[in-house]
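Quick notes on the structure that follows.
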Amino acid sequence: MMQCLYQNLPMGYSDHLMPANVFEECAAASSHSLDFETIASCHDDTIKSWLLQVYHSDQTPGEHTFIPWVEVNGKRVVNYELGILDVIVCKAFIGDGDGNGVIDVCSDLLGEQEDGVASIF
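Take any residue in the sequence shown, note its place counting from 1, add 964, and you have its number in this note's numbering.
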């Protein structure tokens, strides 16, 4: 779903609501069978939405002082760019030996972007 949203939504900050149909289409296209109605009902319920934000704010460690706070294998990714985050995740999967399901996708990606990938930790 994230790749679909990344491809269909404008990047950067916006005070304007994004079109709901993009989220609905991306949920439908997801390989995880995401139910857009469930997502929308949570989003549209201001009390649920607020309680969810409060709960997760309370669960967030104090050193997390900005968004996005990205961790891979429990280590903070300090020097990342959106364009190479997928490379970082692939390297983590392969490095841990857990990459059986993603090896084909990652091998192409790592072959294309190996040059210029900064140290992430």
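All residues carry an ideal CB built from backbone N, CA and C; glycine is no exception.
Here the structure is a predicted model, which means the values were calculated and not measured.
CA nearest to the CA of residue i, picked from the options
{"i": "M965", "options": "C990, N972 and D1050", "result": "C990"}
{"i": "Q1035", "options": "Q1017, A1056 and V1018", "result": "First, the residue type needs correcting, since residue 1035 is Glu and not Gln in the sequence shown. That would be A1056, whose Cα lies nearest to the Cα of E1035."}
{"i": "Y977", "options": "I1048, C1054, P1032 and T1002", "result": "P1032"}
{"i": "N1037", "options": "T1010, C1054 and I1048", "result": "C1054"}
CB of residue i within 9 Å of CB of residue j, strictly
{"i": "S1013", "j": "H1020", "result": "no"}
{"i": "L1016", "j": "F987", "result": "no"}
Contact test: residue i Cβ vs the ligand ZN heavy atom, cutoff 8 Å
{"i": "E1027", "result": "In the structure on display, the ligand ZN does not appear, and there are no ligands present to speak of."}
According to DSSP, residues forming a beta bridge with residue i
{"i": "V1036", "result": "K1039"}
Cα-Cα separation between residue i and residue j, rounded to whole angstroms
{"i": "T1024", "j": "R1040", "result": "14 Å"}
{"i": "A984", "j": "I1052", "result": "30 Å"}
{"i": "I1003", "j": "S997", "result": "12 Å"}
{"i": "G1063", "j": "F1030", "result": "Since pLDDT at G1063 reaches only 49, below the 50 mark, its modelled position is unreliable, and no value is offered."}
{"i": "G972", "j": "G1026", "result": "The sequence given here places Asn at residue 972; Gly does not occur at that position. Their backbone Cα atoms lie some 33 Å apart in a straight line."}
{"i": "I1011", "j": "I1048", "result": "36 Å"}
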